[in-house]
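Numbering (my numbering), first residue to last: -12 to 490.
Glycine residues also receive a C-beta, built at the ideal position from the N, C-alpha and C atoms.
Please read all numbers here as calculations on a predicted model, not as lab measurements.
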Amino acid sequence: MRGPFKSVLKSAVPADRALLAILAIALAFRLSLGSQMTVLHADEVWQYLEPAYGLVTGSWVRAWEFHAGLRGWFVPVLLVPPLALGHALSPDTQLHIYLMRAMLAVISLGIPIAWYDLARPLGRGHALIAAWVAAIWCEVFYFGVRPSAEGLGMALLFPAMALAQRVRYQPQRRNALALGLLLALGFVVRFHYLPAIALIAVWSLGRNWRAVLPMLTLGFAAGIVLGGLCDLVTGHVPLLWIWRSIAFNVVAGGAAMFGTQPPWWFAQFQIETWYWTALAIVPLVAIGAWRRPMLLAIAVAIYIPHSLIAHKEYRFVILGATTLVLLAAIGSAELCDWLRRRFPRAMPGERSTLIVLGIAWLGLSLAVSLAPTFIMYWGQGDKAFSTLAIAGEQPGVCGLGLYNQPNHPALAISLFNRPVPALLFDGPEAPAQAHAMVSRYNVMIAAQLDRPALPATFHLVECWHQGDLPIDERRQCVFVRSGGCQGDAGDFTYQPAMERRGK
């Protein structure tokens, strides 16, 4: 096996024109999704986007995790360049958000390239199908444009897997160095992947481990230093947040406050996510694992540790889930090859087989994307976060009021994107507070049912995408009054007011 691997791996991956076409399609899928105001989880905003915006403008809403020192700064620092560029070019628009998503879309193109490379030693057909599935599979491109640890984990660790395979059979110093760097950054982004990261490192060693290990170690050390520097330059002790996070979430059981699930929850939810397509995917995973057992081991190394933690969310294991999809893609190409050998007259030619298989995978992806579990993701978060953007786009906005919001943080300055006071009115005294401070703000976000309690000078502008909801569920509506603002927010300034409420 070693000889064929070496001969195949000598070729440059991007030289395949078909792969370049697949990458163009992959970019189109990602940019299309990136143009939508979707947020799967609040962490994307308040743990990554908001602090990155704070580094650019100095103004941001600090979630409690930052006060407790439970979050690192590598991801926010990574997001700074597109946010800074967008803010410099067009500070009154959402350009900074779209440039950030475009950057993540480009970074995520490393996933189809990596899948191609991982499958290439099995044949060009295997490689093209793997790359195609990475381009169009809904779980891959949906998470690929998210400013999240999980999305960046895929963008870092799939190329790391491909490099590990190359280094195992071609122990080049620069590849081993790059592999170590990717593994370290994957650890900094999501340290929970450490068992899988260790497996990828072991996979790369092979018989030439003496030549690989020094450069692999050097690259890993460089990645750890880079992650620590991001903490240091933002005024924090390098990587201390990792130990604090483990102490709070695992040792003290803090993660359980967000909900707990049984150990088998991930397996159950995975089947629910794939819906009826699991009938095809699971057997294909088994076939792919026969040819690529290390990929299965990596997926298992992601699922098992997360299954032992009481609090579970699907995004936590998306690297493992998509690794299984990669195995299924390889398995489908392997099955077609077997059928062509077994029934040569009944099967179409190789090119026609690839086209049919590509269409089949596109259909499977569409089926998963429209399945009951996944379909809710497409509009996740659009109402609340689009409402903030709409509030910031109101002509003459000079102050923002947030009235009895159901959850806090409710304000993301990165999306509101205006350097004006933001006031919080919450609880039984909210109506009196809103009337007393009416001169300090001229835009309000409140529920439509709260309209009678607001100052009479405010009128409803929009309840974004909530017209089909009952009126008592229209929580994110924009109200505006004419005229300017006088005075500052005082005790009602959003950040300290939120903190006084223990948020």
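In its chain, beyond the 5 residues on either side, Phe256, Glu259, Thr260, Tyr262 have a beta carbon closer than 8 Å to the beta carbon of Thr360. Considering only Ala121, Arg107, Glu460, the residue with the shortest C-alpha distance to Pro393 is Glu460. DSSP places Cys125 inside the alpha helix (DSSP H), whose first and last residues are 125 to 131.
In terms of Cβ geometry, Val67 and Leu42 form a close pair [threshold 8 Å]. Of the residues Leu6, Ala354, Cys472, the one whose Cα lies closest to the Cα of Tyr103 is Leu6.
Contact holds between the region 269 to 283 and the region 307 to 326, because three or more Cβ pairs, one in each stretch, are under 8 Å apart. Comparing alpha carbon positions, the residue from Arg462, Ala55, Ala151 closest to Leu282 is Ala151. DSSP, reduced to helix, strand and coil, places Met141 within a helical segment of the structure shown. Residue pairing from DSSP places Ala409 in a beta bridge opposite Leu387. Burial is judged here by how many other beta carbons sit within 10 angstroms of a residue's own beta carbon; Glu31 has at least 16 and is buried. Taking the Cα positions, Met334 is about 31 Å away from Ala358.
Note that the C-beta distance between Tyr428 and Leu410 is below 8 Å. Looking from the CA of Leu186, the closest CA among Ala286, Met202, Phe253 belongs to Ala286.
Annotation for Ala122: Ile9, Ile12, Ala13, Pro99 place their beta carbon closer than 6 Å to its own, counting only its chain and skipping 5 residues before and after. Sixteen is the threshold: when 16 or more other Cβ atoms of the shown chains lie within 10 Å of the Cβ of Ile268, as they do, the residue is buried.
Leu143 places its beta carbon 8 Å or farther from that of Val120.
Annotation for Val448: the continuous beta strand (DSSP E) segment containing it runs 446 to 449. In the pairwise beta carbon analysis, the region 198 to 218 is classified as not touching the region 294 to 314: fewer than three pairs are separated by under 8 Å.
Ile432: not part of any alpha helix (DSSP H); member of the beta strand (DSSP E) spanning 430 to 433, first to last residue. Assignment of Val32 by DSSP, reduced to helix, strand and coil, places it in the helix class. In the DSSP annotation of this structure, the continuous segment of the alpha helix (DSSP H) that includes Phe256 starts and ends at 252 to 261. Annotated as proximal: Leu341 and Leu115, with beta-carbon spacing under 8 Å.
Under DSSP, no beta-bridge partner is assigned to Val43. Using a 10 angstroms sphere on the CB of Gln420, the tally of other CB atoms reaches 16 or more, which defines it as buried.
By a beta-carbon distance limit of 8 Å, Gly131 contacts Gly138. Their separation comes to about 6 Å. Taking the Cα of Gly246 as reference, the smallest distance to any Cα among His298, Gly489, Arg327, Gly73 is reached at His298. For Thr480, the beta-bridge partners assigned by DSSP are Leu410.
With fewer than three CB-CB distances shorter than 8 Å, the region 13 to 30 does not count as touching the region 188 to 199.
It is roughly 11 Å from the alpha-carbon of Trp348 to the alpha-carbon of Val355.
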